[in-house]
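Student: After the structure tokens below, expect a handful of questions from me.
Residue numbers (my numbering), protein chains in the order written: chain A, 66 to 180; chain B, 76 to 188.
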């Protein structure tokens, strides 16, 4: 079955612009989480969605937002881009949150470069 | 809060050498523990997992045992290959209301022929 699909794979934006990233989870998975990966900070949790509801949010400014649709696809949006937002953004899907055997499957990521 | 500590890297080994990558964690309750691997230009792939104390996860010759008494989940492989060159992340997740993974900083492994 198809894995987690993230689009686009690469993106170059200018400071001050906004960007929307998309994530399609594995079929049947209803939980989608987003992570930011940078060389300095490593992998940091952004937020998690389940059944179109944000269940958990990491320590990021309000410029970072997301949503989930009824088909479990998720988007994240970053407004007023800053140079420090340059990172690999990873999406992970799982069947549901909080189960004893939770296993997250990751997409290949979207590489965002802010210039 | 929860945290995962990995040994400092990078690590460079010769092919067929023995590999150990240390990982310790701090968490309340009973987390599940994971090792993820990231190849250049790719996302993360689950390598192995353990969901309770004394469980041993294994995959592709890699092994790690969930040690609650030492709060550790060290990754081992008896004979590494060049194709094992990648970044390795130790992570934990707490069962409960969310699926937030807490990751270590990762360690880069380079295996030379």
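Beta carbons are placed, not taken as given, at the ideal position from N, Cα and C, and that holds for glycine.
(1) Counting contacts by CB-CB distance shorter than 8 Å, is residue 167 of chain B in contact with chain A?
(2) Can you find a CB in chain A that lies within less than 8 Å of the CB of residue 123 of chain B?
(3) At what residues does the beta strand (DSSP E) containing residue 166 of chain B begin and finish?
(4) Residue 176 of chain A bridges to which residues according to DSSP?
(5) Could you work out which residues of chain A lie near residue 117 of chain B, taking near to mean beta carbons separated by less than 7 Å?
(6) Counting only beta-carbon separations shorter than 8 Å, does residue 124 of chain A have a partner in chain B?
(7) Quick one: is residue 152 of chain A buried, meaning 16 or more other Cβ sit within 10 Å of its Cβ, or exposed?
(8) Does DSSP put residue 148 of chain A in a helix, a strand or coil?
(9) Could you give the residue range of the beta strand (DSSP E) that holds residue 141 of chain B?
(10) Please return the same chain residues whose Cβ sits closer than 8 Å to the Cβ of residue 81 of chain A, not counting the five positions on each side in sequence.
(11) Run through the region 100-156 of chain B for me and flag every whole beta strand (DSSP E) of 3 or more residues, listed as ranges in chain order.
(12) Does the beta-carbon of residue 113 of chain A have 16 or more other beta-carbons within 10 angstroms, so that it is buried, or is it exposed?
(13) I believe residue 108 of chain B touches residue 125 of chain B by the beta-carbon criterion, under 8 Å. Please report the beta-carbon distance rounded to the nearest angstrom.
(14) Compare the C-alpha of residue 134 of chain A against each of A:142, A:143, A:115 and A:125 and name the closest.
(15) Note the first and the last residue of the continuous beta strand (DSSP E) segment covering residue 122 of chain A.
(16) Under a three-way DSSP split, which group does residue 137 of chain A fall into?
(17) Kindly give me the distance between the Cβ atoms of residue 161 of chain B and residue 143 of chain B, rounded to whole angstroms, as I take these residues to be in contact under 8 Å.
(18) Nearest chain B C-beta to residue 129 of chain A closer than 8 Å, yes or no?
(19) Using CA atoms only, rank isn't needed, just tell me which of A:108, A:161 and A:170 is closest to residue 117 of chain A.
(20) Using a Cβ cut-off of 8 Å, which residues of the region 85-100 of chain A contact any Cβ in chain B, in chain order?
Tutor: Answer, in terms of the structure:
(1) no
(2) no
(3) 161-168
(4) A:75 and A:153
(5) 173
(6) no
(7) buried
(8) helix
(9) Note, residue 141 of chain B: premise wrong, no beta strand (DSSP E); not H, not E.
(10) 145 and 146
(11) 107-113, 119-125, 131-134, 137-140 and 150-152
(12) buried
(13) 5 Å
(14) A:115
(15) 118-122
(16) coil
(17) The Cβ separation is near 28 Å, so there is no contact.
(18) no
(19) A:161
(20) 96, 98 and 100
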